[in-house]
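I have placed the structure first, in the form of structure tokens, so that the comments after it can refer back to it.
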DNA sequence: AACTAATGAGCCGTAAGAAC
DNA sequence: GTTCTTACGGCTCATTAGTT
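Chains as they are written, first to last, in full-length UniProt numbering: chain A, 1 to 202; chain B, 1 to 202.
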């Protein structure tokens with residue numbers, strides 16, 4: 001009781017089941033006199049040989065196929081039409097697999113890219129918040145320093161004017177004459193300080 | 001010359017080719033006396049009916065399948081085994097298509113997400129450079145103000161000490177006695193200024 | 001009870017016909 | 001030619017019947 005019939009007449013599985021041996025009559029050349037089931041599976045050796053040939057040339061012409069059959073004795077028992085169909089199916093399978101594989105490859109790439117982008121995003125996000133924080137800090141200090149410089153300037157101006165008044169008043173009382181400020185030593189420090197403070201004004 | 005045999009005995013394609021009518025012997029019930037080629041294409045009506053049944057129940061049990069065949073007269077001529085196989089293949093097709101479609105959907109989503117992430121990245125990148133620029137600006141000014149406050153403080157200290165010396169020297173010459181600073185009006189301004197400047201020191 | 005052989009369903013891969 | 005469809009071989013897994 002043969003269930004699986006191999007092209008070439010050599011069964012490679014004899015487990016169980018019932019199947020008639022029906023010669024394939026659609027064989028154009030009509031040379032197939034040997035019994036052959038209506039559904040065949042090629043032996044691993046045959047498949048290997050076909051795969052090798054496919055690897056070299058996935059799309060052999062009719063002539064080339066006949067040549068291949070002649071060259072490869074292991075395939076000599078297979079109908080040329082079957083060889084043709086095998087190559088057709090093989091190409092179809094390869095195409096399908098290739099498309100699926102490509103899609104998956106694209107998927108993987110996109111996923112990896114996504115991961116990187118998200119990490120980068122995260123990093124930038126943190127950097128931004130850090131910078132915003134620092135910026136706020138400096139903004140605060142900017143105001144602080146500007147204001148301070150301003151106040152400092154005003155304070156110094158007042159100090160100077162008060163000192164002027166006080167000193168001139170005191171001196172006029174003590175000596176009876178007005179004192180010329182410009183003749184006092186160290187006066188250049190006062191004026192340069194004033195200039196400096198003036199520059200700091202916003 | 002019949003090449004395509006429809007389950008039900010009604011051929012719908014009579015192009016060419018030769019095929020024997022071989023009764024399928026694996027039919028368990030053995031009821032199939034009608035001739036049936038090994039390869040049939042179901043009529044559009046049959047496919048439609050099967051699709052409808054599949055839509056309701058993609059995986060009918062053996063019992064359910066028999067029931068379906070009884071209920072649907074258009075399928076009554078199809079071998080139960082063929083029905084089984086049809087559902088099998090139908091499931092397989094759906095699975096493949098679903099997987100491919102899902103993969104493409106994931107791809108689209110990933111692509112869209114990637115685009116968004118890149119845009120966001122760009123935005124953040126710009127924000128970061130802007131903030132870094134501003135930060136540099138403030139950093140520069142921070143140093144500037146700190147240094148200035150420092151210098152200001154030293155300058156004021158020097159001014160104060162020079163003023164002290166000058167004033168006391170001048171007064172001692174003019175009046176012949178040492179003057180008590182603390183008794184002078186406006187002296188509180190000097191000390192508060194000094195305190196203020198001292199606070200500004202880093 | 002545990003082990004084993006038989007049965008049967010589903011899935012997968014694939015040969016080959018059909019349709020385009 | 002390619003693509004889709006039918007059908008089948010082989011496999012795994014689960015259930016079952018028969019055996020120790």
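Yeah, the Cβ is synthetic: ideal placement off N, Cα and C, and Gly gets one too.
Per-residue burial, residue i [other beta carbons within 10 Å of its own, 16 or more giving buried]
i: residue 39/B; result: exposed
i: residue 42/A; result: buried
i: residue 50/A; result: buried
i: residue 65/B; result: buried
i: residue 53/A; result: buried
i: residue 29/A; result: Only weak support is given to the placement of residue 29/A: the predicted model assigns it a pLDDT of 31, under 50, and the value that follows is read from those uncertain coordinates. Looking at its Cβ environment, which holds fewer than 16 other Cβ atoms inside 10 Å, residue 29/A is exposed.
i: residue 63/A; result: exposed
i: residue 25/A; result: Confidence in residue 25/A is poor, its pLDDT being 31 and thus under 50, which makes the residue's placement unreliable; the coordinate value appears in the next sentence. Flag for residue 25/A reads exposed.
i: residue 58/B; result: exposed
CB-CB length for residue i against residue j, believed under 8 Å
i: residue 105/A; j: residue 100/B; result: Going by Cβ atoms, the distance from residue 105/A to residue 100/B rounds to 14 Å, so no, they are not a contact pair.
i: residue 69/B; j: residue 46/B; result: The Cβ separation is near 11 Å, so there is no contact.
i: residue 131/B; j: residue 121/A; result: Contact doesn't hold; Cβ gap of about 16 Å is too wide.
i: residue 44/A; j: residue 87/A; result: The Cβ separation is near 18 Å, so there is no contact.
i: residue 107/B; j: residue 89/A; result: Contact doesn't hold; Cβ gap of about 27 Å is too wide.
Length at least 4, wholly inside the segment 98-146 of chain A: the alpha helix (DSSP H) runs in chain order
none
Using 8 Å as the Cβ pair cut-off and three pairs as the minimum, do the segment 117-128 of chain B and the segment 92-105 of chain B touch?
no
Output the residue ranges of the alpha helix (DSSP H) runs that lie fully inside the UniProt domain "Homeobox" (33-97) of chain B and measure 4 residues or longer, sorted by chain position.
44-56, 62-71
Counting Cβ pairs closer than 8 Å, one from the segment 72-83 of chain A and one from the segment 74-93 of chain B, do we hit at least three?
no
Between the segment 107-117 of chain B and the segment 97-114 of chain A, can you find at least three pairs of beta-carbon atoms closer than 8 Å?
yes
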